[in-house]
Structures are given as C-alpha cells and as structure tokens.
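Residue numbers (my numbering), protein chains in the order written: chain D, 60 to 340; chain L, 60 to 340.
2 protein chains.
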Amino acid sequence: MKTGIIGTGLIGGSIALKLKEKNFTNFVYGIDQNEENLNKALELNIIDEKSDFEDGIRKADLIIVAIPVDSAKKILPDILDLINENQVVMDVGSTKSGIVNAIKNHPKRKRFVAFHPMWGTENSGPQAATTESFTGKAAVICNSEESDKNALATVEQLIQHLEMHPIYMQADAHDVHTAYISHISHITSYALANTVLEKEREEDRIFQLASSGFSSTVRLAKSHPEMWVPIFRQNKENVLDVLNEHISQLRKFKSALEKENFDYLEELIVNANKIRGILDK
Amino acid sequence: MKTGIIGTGLIGGSIALKLKEKNFTNFVYGIDQNEENLNKALELNIIDEKSDFEDGIRKADLIIVAIPVDSAKKILPDILDLINENQVVMDVGSTKSGIVNAIKNHPKRKRFVAFHPMWGTENSGPQAATTESFTGKAAVICNSEESDKNALATVEQLIQHLEMHPIYMQADAHDVHTAYISHISHITSYALANTVLEKEREEDRIFQLASSGFSSTVRLAKSHPEMWVPIFRQNKENVLDVLNEHISQLRKFKSALEKENFDYLEELIVNANKIRGILDK
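Structure, rendered in structure tokens:
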C-alpha cells in the first residue's frame, strides 16, 4: 500500500515509521509546507519521496492528515475533491466534531475515517518521531457509520499494525471526553509552568531543585502552541466547562488551607487518590 | 556504621537499601509504629533488626527520621534527648522551618542535620522502596551553620553515597522554593484528579482513553494524605501564596477562551514553553 502523509511531524512521522517497520505500507509520500521538516523526514527515512499536495494525494492509496486541527478541517474538503472511490483518507486530530461537520455533506464523505490515536509527547517535528509509540494505547474512530466499510477496514488494519486497540465513539462525545482527559491536563500544566515562572524568579533554583514530580506535572507545558491553540479553539465549550470545574476544585484546596480545615483537606486528597484505582485497572 | 531508620517507608527504606548496597552502613535498625511495615522491611532486607524507639536510637551511630513532617517535628526533641555527643540525627522532610525551629534551643541541636532529598514517587511503604532512587537529584541541607562540622560531614558522605549533589539553603528559603516546585504540583494534580472524577462519570472512559499525558499530569494525585496533609499544614502560607497565583494563571486561560482571544492564549502558551529551557538545562 502507498501512503501519503500530510504533515511529517511527531504524529505523522511516528505513524509512517511504524507502518513501514510493520510492512503495512511500502512507500510513503511526504507532503508538508515546511520544507525543513520535509527534508528532515526524508533524511530520517520517515518518507520515501517528497511530494506536492495534488500529486501526493493522487498517488497514495491511503492519505493521513497529520496537521493542526484547524488546518486539517480546512483542507480536508480539497483532499476529498481530489481522491477517487478506492482511496481512503484519515486524520489524527485531537478534536473531532469540527472536522466531521466540515465534510458532512461532501459527496466523498464515506472515503474519510475520523481517527484519533491517544498518544503523543511534548516534542514535535520529524526528529521527535519514534517507532516506540502508540503501543497499547486507545485508537478512537468517530462516527464510523459515516464511513464506507472498506475504508473503515483499512483504518482498523492500520490500528492493528500500530498495536493499538480501537474504540468507537460519536465525535461530540469524543470531544467531551478528551476535554476531561487530555485538553485540561495541558492547560493545567501550562498554568503551572507560568505560576512557577512568575513566582520563582531564581531560575537556577527551579533547575536545581526540580524533582521528578514537578517535571512530570509540568511536562506537557512544553507542548507547542501551533498544535494546541487550534485544539482549544475547536473544543472551546468543553474545555471551558472542565476548566471552570478545575478552578472550583482548586478553590476547595485553597479554602481548606485558609480555614485550616485539615480534615477537609484530607477528604479532598483521599478522593483524588481514587484515580489510582481507575488508572491502574 | 550502624544506622537507625525511624519510619521504614518509601524514603527511609530507599535510603537504607542504597546505603547498604554502597556499604556506607553495615547494620540497620528499623523503628516503626506500623508493625506490618516493620515486618515487611525486615523481609525485604531493608532493615537487619526490628527495634523499639529508645533501644534503636541508643545503638545507632546515625539516626534517620523518615516519618511525616508533623510527627518528625514532634519526636525530634525526644530523639535528641536520648543521643550522645557522637551520634548524628537527620530528617528527610519536605518542610524545614517547622522542624528547625522546634529544636532551635535544644542543647544537642548541633548533632542534627536538616535534610531534604528531592526525590520521591507517588507510592509508599517499604514495598515501594528501591535502590533506583535519588541518583542525580538535589539533596538540600538547611541551616548547616547550626550543625556540628562532623555531623554535617557524615550527612555529606551519605549524600555522596546516595549519588546526589548537596545544595545549601536556609530553612525558610527552602520552604518557599519547595512550595513552588513540589507542593503546588501535588495540589494541581489532586485537583485535576478530582475534576476528572467529578466531570467524567463514565470511569471506563477515563481508563480507556487516558493518554500518557494525562497519566503523567495526574500521577502525583496518587500520593497519600498521611504524608501530604502535614506538609501542607506546615507550609500553609507559602503554599497558599503559590496556589493563589496558580488560580490566577488558570483564570487567564479561562478569560482567553471566553473572549476567544487566541493571540493571548498563544502568548500564555509560549510563555509556559520557557519551562523547557529551564528544565532541560
């Protein structure tokens, strides 16, 4: 199978590397407005050939759109215009309602599969791509009933080769769940970084004292705005809803401390500890 | 050297294991009110002998207090009452002003070294103890001028055997820095867990969808209240100060989203990204 990767960054690059390793694809066309990324991807054998937009799409059996969610939403109709009835198009975006709605009435809608692999790192670019990726994680397919069965089957095989397990969900439910489980973590982490940068003027002390706990909590704050601003824009309502709840949860800690109500503080912590049972299932 | 470990949990246990491996100590007395932990520590060769409070302290050259910070503060004067002028006592607590002030005027103050290793995990108990610990992390010694030179030298040798690097600081400065770099991370993580538990009623979805990003941000929320309530109690003022700043940083994200001011959102994220340069020095 020939694959076209639009966006040769962390996710597109990691998918390409893994699918090549597993012989799911034998040739990868790389499409990227960023010439530097494209050259790097070629150098790293992530792609086999640099390609322009139209040409790459016409030649590939499977087209994977791995660019920020607003750009993906914008160019997807153009991609569908270019393909024939045997080609398959998928995205990898962290928000799904916007993209699914954008092509709802497109005559080739059924050749598209809305996909979101629950894996990523705080790094970006083809140099961050790795075959040590995706394994054991959830692969969400949204609105599968809107895709052709054979298009769906192609993506399900891809999921198997990525060593992920498929989960089926409606796009709006997906966007609610990811606001809880992924998007709010990023906001928390960004805000924590800004807090420490604001309060801790002695940068050397941060560096010297930062424990593994801090590094772990603040890791996501390294994630790039090019990817995350569009996600927050597209999932604004859900993210705001969770953010308001998060601020109110933090106020409970504040209140417990201010009132020196340490029994209540303990209650809050005991409740939070329940996440262990859920995550370590 | 014979060592007495008061509190045979994660930190006390990990120190004992590592110091035995490095032949810094050849015999460890274990002191713990929790009989189950004590038996487990013996079984795991963390300690060589179970001991009662007075007996263990009298027999050890070096006494390491590795219990929650409020209990440590409370029993430290009793420990100092029991030792002679050749023994050394150290703690490992995450807050330092309280303990240093509690023994300020004790006649044997100089035999005590206030210590805080910047390492830990979200797990607890002797079964969580590991020799894969401490390496490369900072070891803070507070108010070193209040300790005898030879007591200080013993702890500095211990730091070397733990493969840590010493940092010297005043106790009040320590408590300000750790509020920024460690304590607030825990509150954020607890509050994030509570947010998700509150909003995401479908527990299976949390489990299925939780990405590595979420797990990383929420990891500290597994930490036990027995350890953390006393830390927050002792460092209340500093923690509240940072918590207020953190809530105000989160409100900036909220405001940017509500007003759809995505340029401002990008600014906030770009600023947070600076943490990469500081952590990855």
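Even glycine gets a Cβ: it sits at the ideal position worked out from N, Cα and C.
Note that the structure is a prediction, hence the values are computed from the model and not measured.
List the endpoints of the continuous alpha helix (DSSP H) containing residue i.
{"i": "Y323 (chain D)", "result": "F321 to L338"}
{"i": "G157 (chain L)", "result": "S156 to A161"}
{"i": "M286 (chain L)", "result": "P284 to Q293"}
{"i": "K196 (chain D)", "result": "Taken as a continuous stretch (DSSP letters only), K196 (chain D) belongs to no alpha helix (DSSP H), as it is neither H nor E."}
{"i": "L225 (chain D)", "result": "According to the sequence shown, residue 225 (chain D) is Pro rather than Leu. Unbroken run through P225 (chain D) is the beta strand (DSSP E), H224 to M228; no alpha helix (DSSP H)."}
{"i": "P136 (chain D)", "result": "V128 to L141"}
{"i": "A280 (chain D)", "result": "Taken as a continuous stretch (DSSP letters only), A280 (chain D) belongs to no alpha helix (DSSP H), as it is neither H nor E."}
{"i": "I70 (chain D)", "result": "L69 to E80"}
{"i": "E94 (chain D)", "result": "E94 to E102"}
Do residue i and residue j have their C-beta atoms closer together than 8 Å?
{"i": "S248 (chain L)", "j": "A212 (chain L)", "result": "no"}
{"i": "V199 (chain D)", "j": "R170 (chain D)", "result": "no"}
{"i": "K77 (chain D)", "j": "T154 (chain D)", "result": "no"}
{"i": "L141 (chain L)", "j": "I162 (chain L)", "result": "no"}
{"i": "F193 (chain L)", "j": "P176 (chain L)", "result": "yes"}
{"i": "K258 (chain L)", "j": "E317 (chain D)", "result": "no"}
{"i": "I70 (chain D)", "j": "A125 (chain D)", "result": "yes"}
{"i": "K109 (chain L)", "j": "H220 (chain L)", "result": "no"}
{"i": "V288 (chain D)", "j": "A252 (chain D)", "result": "no"}
{"i": "V128 (chain L)", "j": "F174 (chain L)", "result": "no"}
{"i": "Q293 (chain L)", "j": "G157 (chain L)", "result": "yes"}
{"i": "S183 (chain D)", "j": "M60 (chain D)", "result": "no"}
{"i": "A315 (chain L)", "j": "Y323 (chain L)", "result": "yes"}
{"i": "P284 (chain D)", "j": "E325 (chain L)", "result": "yes"}
{"i": "W178 (chain D)", "j": "S271 (chain L)", "result": "yes"}
{"i": "K313 (chain D)", "j": "L103 (chain L)", "result": "no"}
{"i": "E250 (chain D)", "j": "L309 (chain L)", "result": "Here residue 250 (chain D) turns out to be Ala, not Glu, going by the sequence shown. Contact: yes."}
{"i": "I265 (chain D)", "j": "V255 (chain D)", "result": "yes"}
For residue i, I'd like the list of residues in its chain whose CB is within less than 7 Å of its CB, leaving aside the five on either flank, ordered along the chain.
{"i": "V301 (chain D)", "result": "A238, Y239 and I243"}
{"i": "K311 (chain L)", "result": "L327"}
{"i": "G72 (chain L)", "result": "A100, I105, P185 and A188"}
{"i": "K113 (chain D)", "result": "It is worth fixing the name first, because residue 113 (chain D) is Glu in this sequence and not Lys. Correct list, in chain order: L141."}
{"i": "P225 (chain D)", "result": "A198, I200, E215 and I218"}
{"i": "T67 (chain L)", "result": "G89, D91, N96, L97, A100, I105, I106 and P185"}
{"i": "S206 (chain L)", "result": "K169, F171 and V172"}
{"i": "Y227 (chain L)", "result": "I200 and S203"}
Checking the sheet assignment: what are the DSSP bridge partners for residue i?
{"i": "E108 (chain D)", "result": "D:Y88"}
{"i": "G63 (chain L)", "result": "L:Y88 and L:I122"}
{"i": "P176 (chain D)", "result": "D:A198"}
Report all residues from its chain with a CB closer than 6 Å to the CB of residue i; omit the five preceding and five following residues, and keep chain order.
{"i": "N297 (chain L)", "result": "D234, V235 and A238"}
{"i": "E94 (chain D)", "result": "none"}
{"i": "A230 (chain L)", "result": "K155, S156, V159, C201 and N202"}
{"i": "A210 (chain D)", "result": "V147, R170 and V172"}
Skipping 5 residues on each side, what residues in its chain have a beta carbon closer than 8 Å to that of residue i?
{"i": "T62 (chain L)", "result": "A75, L78, T84, F86, V87, Y88, A119, D120, L121, I122 and I123"}
{"i": "V151 (chain L)", "result": "I70, G71, I74, I123, V124, A125, F174, H175 and P176"}
Please classify residue i: does DSSP put it in a helix, a strand, or coil?
{"i": "T247 (chain L)", "result": "helix"}
{"i": "P185 (chain D)", "result": "helix"}
{"i": "T213 (chain L)", "result": "helix"}
{"i": "G115 (chain L)", "result": "helix"}
{"i": "F171 (chain L)", "result": "strand"}
{"i": "K318 (chain L)", "result": "coil"}
{"i": "H165 (chain D)", "result": "coil"}
{"i": "D300 (chain L)", "result": "helix"}
{"i": "L221 (chain L)", "result": "coil"}
{"i": "A238 (chain L)", "result": "helix"}
{"i": "R260 (chain L)", "result": "coil"}
{"i": "S274 (chain L)", "result": "helix"}
{"i": "A232 (chain L)", "result": "helix"}
In the DSSP assignment, find the unbroken beta strand (DSSP E) run with residue i in it and report its ends.
{"i": "V148 (chain D)", "result": "V147 to D150"}
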